[in-house]
Amino acid sequence: MIDFLYSILVLGIPFSVSLLLASLGEMYNQRAGIFNLGCEGVMSMGAFVGFVIPYFLIRAGVESGIIYVLGIAGSLAAGALLGLFFGVVVITFKAPQGIAGIGLQMFGVGVAGTLFRHFIGGIASVPGIKPMPVPLLSKIPLVGNIFFNHSLIVYLALILVPVSAWVMNRSSWGLRVRACGTAPRAVDSVGISVDRVRYQSLAVGGALAGLAGAYLSLCQVKMFADTLISGRGFIAVALVYFGRWNPWGILWGALLFSVTQVLQLKIQTMGINVPYEFAVMLPYVLVIIVLTFSNKNFQLGPSSLGKAFDRENRL
Amino acid sequence: MTKQQFSLVYKTTVLLIAIAAAALLGAMVLWAIGAPVLKTFLVIFLEPLKSFYITTEVLIRLIPLVLIALGIAVAFRSGILNIGAEGQMLMGILGATIVATQMPGLPRFAIIPLSMIAGVIFGGAYGFIPGFLKAKLGVSELLSTVMLNYIAAQTYILCLRGPLIDPAELVTGSGTPQSIRFPRQAWLTRMVPGTRLHTGIIIALVLAVVIYFFLWRTSWGYKMRAAGAEAKAARYGGINVSAWLIIAMVISGAFAGLAGAVEVLGLHRRAIEGISMGYGFTGIVVALFGGLHPAGIVPSAFLFGLILVGGDMTQRMVGVPVNMVQVLQGIIILTIVSVKMVINNPYIMERAERRFNKSEHKKSEEAQA
Amino acid sequence: QEESSDQVKVAMIFPSTVDDKGWSQAMYESGKRVADANTDIMVLEKSENMQPVDAGSAARQYIAQGFQYLVFHGTQYNNTVVELAEEFPQVVFVFGTSAEVLAENVISYQPATEQPGYLSGIIAGLTTQTNKIGIVGPVDGGDAAQYNRGFWLGIKSVNPTAEIGVAHTGSYGDYVKAGELAQTFINDGYDILAGSAQQGLGALQAVAQFPDKDVYWMGTSEMQFDMPEGYKLMAACSYWYDPIFQQMVDSFKAGEMMEAGEVFWLTIPNGGFTFSMSESNPLLTAEVRDAVEAARVELEAGNLDIDWQSVSY
Amino acid sequence: MERSEGRIHSLRVEGITKRFPGVLACDDISMAIGEHEILALVGENGAGKTTLMNILMGLYQPDEGSILINNEPVHFKSPRDAFEAGIGMVHQRYMLIPNLTVVENIALGMKEAHKKGVMKLGEVRRKMQEVSDNYGLHVDPEAYVWQLSVGEQQRVELVKTLCYGARFLILDEPTSALTPQETDELLVLLKNMSKQLSIIFISHKLQEVKTLSHKVSVLRHGRMTFSGDTEKYTPAELASFMTGTKVELPVNERIDMKGEAVLELKNLKARSDRGFFALDDLNLTVRAGEIVGLAGVSGNGQKELAEVINGIRRLEGGEIRFFGENIANLTPGKVIEKGMGYIPEDRNTEGIVPSFSIRENIILKDNTTGKYSKKRFLKLGTIAEVSDRLKEQFDIRCPNTTTAAGSLSGGNIQKVILAREIDRSPRFLVAVYPTRGLDMGAAEFIHQQLLELRNKGIGILLVSEELEEIMNLSDRIGIIYKGKIMDVLDGNTAEIKTLGLLMAGVKND
Ligand SMILES: Nc1ncnc2c1ncn2[C@@H]1O[C@H](COP(=O)(O)OP(=O)(O)OP(=O)(O)O)[C@@H](O)[C@H]1O
Ligand SMILES: Nc1ncnc2c1ncn2[C@@H]1O[C@H](COP(=O)(O)OP(=O)(O)OP(=O)(O)O)[C@@H](O)[C@H]1O
Ligand SMILES: [Mg+2]
Ligand SMILES: [Mg+2]
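Here's what the structure looks like:
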């Protein structure tokens, strides 16, 4: 039994990272009142930029680990830029966010795919980022492998959960973000620019979504393809609702999803005689069921989510 | 300058700036891959309309888009963003396929309506799930519909691979998941010889009118819209908000299901993979862009049908990678919604007018000085 | 309405992109090889990522431009081909995979994917150290099901006790999921993995994350040998569609259209598949190579019947 | 703008004009206010008071005109600039974030509360303490705003403004949602504050204006029509400056109708949103043709009572007899069918669907009945006709009846609701705070309508905090305290003093 749990967790944690990062990013957007359905597009761009920088540097003969640092930096920047671009559309021009998000998704996935196919031509790979066991801690039996034998981004993502909780609840900026998502008019009335806070949160959220993409292309599969993200952005958005806009809730959602994902793969390999489609559905079904039966009384939700703020237009 | 004049100038300017911005954005990507900018845009918007045949192809895309968008509008008007149309459409295809393939003996006047009804029921039932979860258990429809889309995709393949598979596939083929070809009497009539335009378009347009009457002329539609616009007031007014929310989702799902049924009966004539092809998502764009009103949805569906067909033509006529289609679609959506908002926001226009008048004022003062 | 052209004009319609290191790329490169060898007389065009509904309009655009050959590279185009074939009798449609002749002017092609699968299975059965072999399937249908079942039979033919894990990702193109599945297998002690469709690349990448471990991949694209991770590829096959295009050119030279109304089989004996093994893999001992060779000879002699449809897992 | 520790000796606005699409909200307004002065700003709903104040706060940019502090022109780009200059405002609709605590709300706009990106809530608490010591304003810093009553929220707003260092205070209708006691406290407080601050005070209640202000300015349709010293004018004179006519609130003549008991509330028990028993064994009877005023400090169960009667809140014990029939826990739709009329407290989101047109709001309760529909098809013609008639009859000020109801002013929204409820010819009416925040003219009109209804033999349960309203209109007065009826007094003989004591929970036997 312990073995079984171990084998699920040891994979479930790294597999959850891209969803976790993207979902945390989306949480920043939503807590500030912006519903960004374009997460998929941002992830795609992050994955592409994160991949393409090391790819070309390797071809240029650069070997050191710095290429991945640059790649990651690139993905963060690309994500943040796309976030800001989205901000122009939904904050400055006040376009409806749902439809604009779909536009952003197409744009991001499309640009990543187009540039990739033009400049690289075909599916390609890089050696990618290697796991970095934490000294000592990784030697603890079982636990060591589950928690302390991953690539740096995994640790970073896990640390980002308490950090995000802290930022949201304890930092000045987090206070503003929360306020913007609930009562932008009140924020405006004390002289804080709602638009600026929302732009900032879009940049942060975008950067995280970009990183989520880069995690896939640099750590998890170490390759890029135009269909790499395959809908994970939408799942990330859904997980924000699962987590009730709370980093810990999102962590639990991402883990539940990924662990179930590993579980269903294991069920398949064990040769249980049901159509494999049922196994594939399992994570999706389970997420719905768990949310159905979980306690939803504590309502933290940003009540102005999705509504553009316009100081003079009071309707 | 009078107000009307200013308004006209203002709107034209915004439009021109937007076109320029869209072109610029597209140009940056096109330029990066060394493709002609103007030609690409011309191909998307004009080329499909140059040939009669391709125009009918645009209309073919319009059919499922209108149907899905109508359903999404009903849901949205009731306060739900239904992003599960993709899954509901697949379910509709399954429903129609089951009837069309399992009752091949039925005559035409029975098999077509029955297949469609089956599609409607399957789609509606699949819409019921997120509606019920939201109304009764407080599960966000965004979460449930995203998940249900994946579940539908697997269920669809499971059925095509299992009970519905074309037996010939197991004998002469390689077991590709697809149903048998529907009996001839289950095919929707192709209306114009030499094209694939089928009678589904009549269904779509008629239903657009029906939905208009339903939403704006009946008390059912009224209740639904009230529940969506302000649930508290609706409750106060004696409207059973959660029941209407479920009904709205069922209707929304039913429309997506019907879209699937019409698409498979009219165009593909057998259930295969890749029928829904993102119509569920484009449908959301069409619905919102059409102002959640049938009179807006039909032209908006035509526009996006045009973009789909024209976009696909760019890879042949301009030679850009097929992914470019998505880029351009994205840019077009983003610019159009921005422009629409800016033009329709009187506050922004008022501010612009004030600024304009002030600068005019200054100029004339300077001129005098 | 097109005047008889002075060129062989071939248009191809693909469900994915032509650089997918798999299904579409194999077909495209075959066409391109022949076209490159006959630049003066052959014109090749392609449309990628074509949904079934788009395929219909693209085809008519090609036909209007005077293309005489249309290649539909995917079963989902079945109905489109049937309709077009009826409407445009002067055009030849090449369609696969199918073993059914849809019309007079249609050539169906049917790769016997179970054959390379079978040969791969022999290798897997002989080289596994843990006696656990995993199948990373996309969807249990079509080509993929055929390959995987051939693989299963191949393993069983040399190693009846091997434990074979079968799992599917539910998607042809989800590299990430395939990678996750492969990692799950490896973590459970499976050492040889195989599978088809584009997604296989994700599995190869996952295998390559264990450079020091004796875990290997077998795929359906020889192009993967050239990737940096190619050393983890034990064996691979490639589809060889060149004869189809060659016949188009030959017929043109003879002043006629290519014969249609038949099924073009791709098998190992007729060269429809090329199958190759890694040069450097230490596990591929002489015995293993011999066993594969023996099976190949049997295949070519027609003595080996791989009844893939009998396998149920 | 550097933080002028210096005082604001004078603040002037000159020639302020502000246009909104289609509306001239402020039309060439000039006014001035000196140190330690209280200026009352009055005017009908929609006269432009709030707009003018928002301009002072830097929320809106004026189209024309300028603001001068100590005779120096200033330019406020955002409320931040106004704060820096020492101006603070308590908005008409409170600018508080419900799901944050009081300290967090105050910390939001306070520079000192943030050091290197980290919230220093201790600093905020200290400042709040300081303000509280200085002005005697107490609030619980750790409470969530959604848990506070309206009066408490208002205090938070005041504390917030003072914490930001305001030396010039703008209060936009601060008393419209307060109980009489709270209002009195506030007035005393403001009077004291004026020793240290300057204040602009907006109100519809001229009595308050009289008690508090030194100077008064009247706005009408965006223009300043009158300015002068408060002492020199009577409330009636001020009222006539506002509306151009004399307003006199009507009084119930109390001709006994002797109707049967139509609404009998027996031992009602129900919980509030926060989970405690807001109605605790409540008993009350209303007869046909009488107005029973329910007086009480808000938060003592009025809202819950109205909701329970109308099926919106669950009743956990007791029964509600409506024309003899128990209607407890029926759905709102069923209750409406029985002939219940209801003017809810929250007019903006409960009484109307804001995005719907006036017409569509008129049919909210009758969209299925034969009145506005036939076989479920809406009779658009009838609806338009009736709406236009109601617009005239109830003097709803709007361009036409296809205007979105949400864009009307509060007074006009209230008229829409009233028009709908009265035109449905209900058998009974529950009216909750029907004139809250309305100007005198609108209040007069609504009072007339209620009396007319009563005289037609309809029973009315009138919930209000305004004793004048209650005393003027009620045949009998019930006093609610902590979910119970303390006593029921006769409208003719009740005295304000007894009422006040009862509302505070003191019972003289
Ligand atoms: N943001 C806005 N957009 C459009 N018109 C507005 C806006 N704000 C105010 N108005 C218009 O300006 C006029 C003045 O509004 P304002 O809020 O200043 O009134 P007020 O005097 O405060 O009224 P009340 O007593 O109801 O609070 C109104 O008639 C209204 O139509
Ligand atoms: N978006 C808007 N467009 C047009 N007018 C508006 C808008 N928002 C508010 N107003 C106008 O502003 C005026 C005052 O609005 P405010 O918010 O002060 O109303 P209120 O306090 O709810 O109403 P009241 O003071 O009448 O009870 C109203 O006359 C209303 O018509
Ligand atoms: Mg006001
Ligand atoms: Mg007001």
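Protein chains in written order, with this note's numbering: chain A, 613 to 927; chain B, -11 to 357; chain C, 51 to 363; chain D, 15 to 523. Yeah, the Cβ is synthetic: ideal placement off N, Cα and C, and Gly gets one too.
Check your understanding: Taking all protein chains shown into account, do 16 or more other C-beta atoms lie within 10 angstroms of the C-beta of residue 212 (chain D), making it buried, or fewer, making it exposed?
Key -> What you label residue 212 (chain D) is simply residue 198 of the fourth sequence in a count that begins at 1. That one is buried.
Exercise for review: Between the Cα of residue 173 (chain C) and those of C:243, C:88 and C:277, spot the shortest distance and give me the residue it belongs to.
Suggested key: The residue given as residue 173 (chain C) occupies position 123 in the third sequence. From the listed residues C:243, C:88 and C:277, the smallest Cα separation to residue 173 (chain C) is found for C:243.
**Study point:** Among A:674, A:698 and A:658, the one whose alpha carbon lies nearest that of residue 685 (chain A)
**Key:** As a first step, residue 685 (chain A) is located in the first sequence; it is residue number 73 there, counting from the start. For the residues A:674, A:698 and A:658, the minimum Cα distance to residue 685 (chain A) belongs to A:658.
Practice item. Alpha carbon to alpha carbon, how far is residue 737 (chain A) from residue 667 (chain A)? Give it in angstroms, no decimals. Key: Taking the first sequence and counting its residues from 1, the one referred to as residue 667 (chain A) is at position 55. Taking the first sequence and counting its residues from 1, the one referred to as residue 737 (chain A) is at position 125. Going by the C-alpha atoms only, they are around 8 angstroms apart.
Practice item. Spell out a yes or no on whether the region 698 to 715 of chain A and the region 319 to 331 of chain B are touching, meaning 3 or more CB-CB pairs, one atom from each, closer than 8 angstroms. Key: yes
Check your understanding: Could one say the Cβ of residue 345 (chain D) lies closer than 8 angstroms to chain B's Cβ atoms, at least one of them?
Key -> Numbered from its first residue, the fourth sequence carries residue 345 (chain D) at position 331. Interface residue, yes.
**Study point:** Simplified DSSP assignment, three categories, for residue 337 (chain C)
**Key:** Position 287 of the third sequence holds residue 337 (chain C). Residue state, collapsed to three classes: helix.
Check your understanding: So, is the C-beta of residue 18 (chain D) closer than 8 angstroms to a C-beta in chain B?
Key -> Stepping through the fourth sequence from its first residue, residue 18 (chain D) is reached at position 4. Low per-residue confidence applies at residue 18 (chain D): pLDDT is 45, beneath 50, and the placement is therefore not dependable enough to give any value.
Review point. Ligand 1 heavy atoms versus the CB of residue 417 (chain D): any closer than 7 angstroms?
Key: Here residue 417 (chain D) is taken as the residue at index 403 of the fourth sequence, counted from 1. The answer is no for residue 417 (chain D).
Review point. Do you know offhand how far residue 364 (chain B)'s Cα is from residue 478 (chain D)'s?
Key: With chain B running from -11 to 357 in the structure shown, residue 364 (chain B) is simply not present.
Review point. Are the C-beta of residue 15 (chain D) and some C-beta of chain A separated by less than 8 angstroms?
Key: Along the fourth sequence, one-based indexing puts residue 15 (chain D) at 1. Note that residue 15 (chain D) scores a pLDDT of 36, beneath 50, so its modelled location is shaky; the value from the coordinates is reported in the next line. With a threshold of 8 angstroms between beta carbons, residue 15 (chain D) makes no contact with chain A.
**Study point:** Euclidean distance between Cα positions of residue 504 (chain D) and residue 497 (chain D)
**Key:** As a position in the fourth sequence, residue 504 (chain D) is number 490, starting the count at 1. As a position in the fourth sequence, residue 497 (chain D) is number 483, starting the count at 1. Going by the C-alpha atoms only, they are around 21 angstroms apart.
Practice item. Closer than 5 angstroms is what we want: which residues have a beta carbon that near any heavy atom of ligand 1? List them in chain order. Key: A:924, A:926, D:34, D:37, D:39, D:59, D:60, D:61, D:62, D:63, D:64, D:65 and D:423
Point to revise | Option nearest residue 195 (chain C) by Cα separation, candidates C:208, C:221, C:176 and C:207 | key: Walking along the third sequence from the start, residue 195 (chain C) turns up at place 145. Per the Cα distances, C:221.
**Study point:** Contact residues within the region 742 to 755 of chain A, judged by C-beta distance below 8 angstroms to chain C
**Key:** none
Check your understanding: Can you tell me whether DSSP reads residue 227 (chain B) as helix, strand or coil?
Key -> In the second sequence, residue 227 (chain B) corresponds to position 239, counting from 1. Coil at residue 227 (chain B), not helix or strand.
Review point. Within the 8 angstroms Cβ cut-off, does residue 366 (chain D) reach chain B?
Key: In the fourth sequence, counting from the first residue as 1, residue 366 (chain D) sits at position 352. For residue 366 (chain D), the answer is yes, since a Cβ of chain B falls inside 8 angstroms of its Cβ.
Check your understanding: Of all the CB atoms in chain A, is at least one closer than 8 angstroms to the CB of residue 251 (chain C)?
Key -> Looking up residue 251 (chain C) in the third sequence gives position 201. Taking Cβ atoms only, chain A reaches closer than 8 angstroms to residue 251 (chain C), which makes this a yes.
**Study point:** Proximity below 8 angstroms, CB of residue 258 (chain B) to CB of residue 170 (chain B)
**Key:** On the second sequence, residue 258 (chain B) is found 270 positions in, with the first residue counted as 1. On the second sequence, residue 170 (chain B) is found 182 positions in, with the first residue counted as 1. Against a cut-off of 8 angstroms, the Cβ pair of residue 170 (chain B) and residue 258 (chain B) comes out as a contact.
Check your understanding: So, does the CB of residue 289 (chain C) fall closer than 8 angstroms to a CB anywhere in chain A?
Key -> Residue 289 (chain C) sits at position 239 when you count from the first residue of the third sequence. No, its Cβ sits nowhere closer than 8 angstroms to a Cβ of chain A.
Review point. Are residue 51 (chain D) and residue 229 (chain D) touching if we call contact CB-CB under 8 angstroms?
Key: For the purposes of this step, residue 51 (chain D) is taken as residue 37 along the fourth sequence, with counting starting at 1. For the purposes of this step, residue 229 (chain D) is taken as residue 215 along the fourth sequence, with counting starting at 1. Yes, the Cβ-Cβ distance between residue 51 (chain D) and residue 229 (chain D) is below 8 angstroms.
Review point. Using a beta-carbon distance cut-off of less than 9 angstroms, what residues from the region 73 to 103 of chain D approach chain B?
Key: 75 and 77
Check your understanding: With a cut-off of 8 angstroms, do at least 3 Cβ pairs link the region 685 to 697 of chain A to the region 312 to 319 of chain B?
Key -> No, the region 685 to 697 of chain A does not touch the region 312 to 319 of chain B.
Check your understanding: Taking the continuous alpha helix (DSSP H) assigned at residue 155 (chain B), which residues delimit it?
Key -> Here residue 155 (chain B) refers to the residue found at position 167 of the second sequence. It spans 155 to 159 - the alpha helix (DSSP H) in which residue 155 (chain B) sits, taken as one unbroken run.
Exercise for review: Under 7 angstroms Cβ to Cβ from residue 872 (chain A), same chain only, skipping five residues before and after it: list those, please.
Suggested key: Looking up residue 872 (chain A) in the first sequence gives position 260. Result list for residue 872 (chain A): 894, 895 and 898, in chain order.
Review point. Nearest CA to the CA of residue 801 (chain A): which residue from D:458, D:210, D:184 and D:239?
Key: By one-based count along the first sequence, residue 801 (chain A) stands at place 189. Checking every option, the nearest Cα to that of residue 801 (chain A) belongs to D:184.
Check your understanding: Is there a Cβ from chain D that is less than 8 angstroms from the Cβ of residue 232 (chain B)?
Key -> As a working mapping, residue 232 (chain B) is identified with position 244 in the second sequence. No, residue 232 (chain B) lies away from the interface with chain D (no Cβ there is under 8 angstroms from its Cβ).
Review point. Who pairs with residue 312 (chain C) in a beta bridge, going by DSSP?
Key: One-based indexing of the third sequence puts residue 312 (chain C) at position 262. DSSP lists C:157 as partners of residue 312 (chain C).
Point to revise | Contacts that residue 121 (chain D) makes with chain A (C-beta to C-beta distance below 9 angstroms) | key: Taking the fourth sequence and counting its residues from 1, the one referred to as residue 121 (chain D) is at position 107. Result: 784 and 787.
Point to revise | Sufficient close CB pairs (3 or more, under 8 angstroms) joining the region 211 to 220 of chain B to the region 45 to 56 of chain B | key: no
Practice item. May I ask you to check if the CB of residue 341 (chain B) is nearer than 7 angstroms to at least one heavy atom of ligand 3? Key: By 1-based counting over the second sequence, the position of residue 341 (chain B) is 353. No, Cβ of residue 341 (chain B) sits at least 7 angstroms from all heavy atoms of ligand 3.
Check your understanding: Assuming residue 62 (chain B) and residue 199 (chain B) make a contact with CB atoms under 8 angstroms, what is their CB distance in whole Å?
Key -> What you label residue 62 (chain B) is simply residue 74 of the second sequence in a count that begins at 1. What you label residue 199 (chain B) is simply residue 211 of the second sequence in a count that begins at 1. Going by Cβ atoms, the distance from residue 62 (chain B) to residue 199 (chain B) rounds to 7 angstroms, so yes, they are a contact pair.
Review point. For chain B, is any of its Cβ atoms less than 8 angstroms away from the one on residue 416 (chain D)?
Key: On the fourth sequence, residue 416 (chain D) is found 402 positions in, with the first residue counted as 1. So, not an interface residue.
Practice item. Spell out whether any CB of chain D is found under 8 angstroms from the CB atom of residue 332 (chain B). Key: Taking the second sequence and counting its residues from 1, one reaches residue 332 (chain B) at position 344. False, the Cβ-Cβ gap to chain D never drops below 8 angstroms.
Exercise for review: Anything in the region 801 to 815 of chain A with a Cβ closer than 9 angstroms to a Cβ of chain D? List those residues in chain order, please.
Suggested key: Under the 9 angstroms Cβ criterion, the region 801 to 815 of chain A contributes 801, 802, 803, 804 and 805.
Check your understanding: Alpha carbon to alpha carbon, what distance is there between residue 236 (chain C) and residue 128 (chain B)?
Key -> Residue mapping note: residue 128 (chain B) aligns to position 140 of the second sequence, counting from 1. Residue mapping note: residue 236 (chain C) aligns to position 186 of the third sequence, counting from 1. Answer to the nearest angstrom: the Cα atoms are 37 angstroms apart.
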